[in-house]
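Remarks on the structure that follows.
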Amino acid sequence: MGTPATVRRGSAGILTPAVRGASGRCQRGWGRVIDMTHSVFPLRLAAAAAAAVLMLSTAVAAPALADDDDHIAARQAMQRGEILPLPRILTAAQAAAPGDVIEVELDRRHGAWLYEVKILTSTGRVLEVKLNARTAVVLEIEED
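Numbering-wise (the numbering used here), the sequence shown opens with residue 1 and increments by one.
Shown next, in the form of structure tokens:
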């Protein structure tokens, strides 16, 4: 008994792509010709994922580029004497609200530099301490 002439097997006894394709075209319920080795869904999914990644990367990249030079501006402001070094600010913030520092922001509002320091207290509350960046004077403490 030999292999029927219509079935072509490769050297390892595996059906060749031509046979797999013919078999796929014979499947019932398919309104279009599809190889059994290929499916339209993964291709559509990959295309949709690629489009989503492209859209998100451009949306996220724009704000990220705006923040690239923030550390340079902060260093220059410190060198000009417009703001105090961060360790002095943190000491003042923790003296006003003891706890662990979890976030620090440096903003410029109405021409003045302002530090916003978020502190996690021992009771689990998060406090935001606003300080004048030039003098380390506490301006406000509020629960976040």
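Note that beta-carbon positions come from the ideal geometry of N, C-alpha and C, so glycine has one too. Small disclaimer: the values here were computed from a predicted structure and weren't measured.
Using only the alpha-carbon positions, how far apart do residue i and residue j sit?
{"i": "residue 129", "j": "residue 82", "result": "19 Å"}
{"i": "residue 133", "j": "residue 143", "result": "20 Å"}
{"i": "residue 75", "j": "residue 112", "result": "16 Å"}
{"i": "residue 107", "j": "residue 138", "result": "15 Å"}
{"i": "residue 79", "j": "residue 121", "result": "32 Å"}
{"i": "residue 98", "j": "residue 69", "result": "31 Å"}
{"i": "residue 124", "j": "residue 103", "result": "15 Å"}
{"i": "residue 116", "j": "residue 91", "result": "13 Å"}
Is residue i near residue j, with beta carbons less than 8 Å apart?
{"i": "residue 89", "j": "residue 127", "result": "no"}
Just confirm the distance between the C-beta atoms of residue i and residue j, as a whole number of angstroms; I'd bet it's less than 8 Å.
{"i": "residue 96", "j": "residue 141", "result": "6 Å"}
{"i": "residue 119", "j": "residue 100", "result": "7 Å"}
{"i": "residue 84", "j": "residue 136", "result": "5 Å"}
What ranges does the beta strand (DSSP E) occupy inside the region 60-117, keeping only unbroken runs of at least 3 residues that lie completely in it?
100-109
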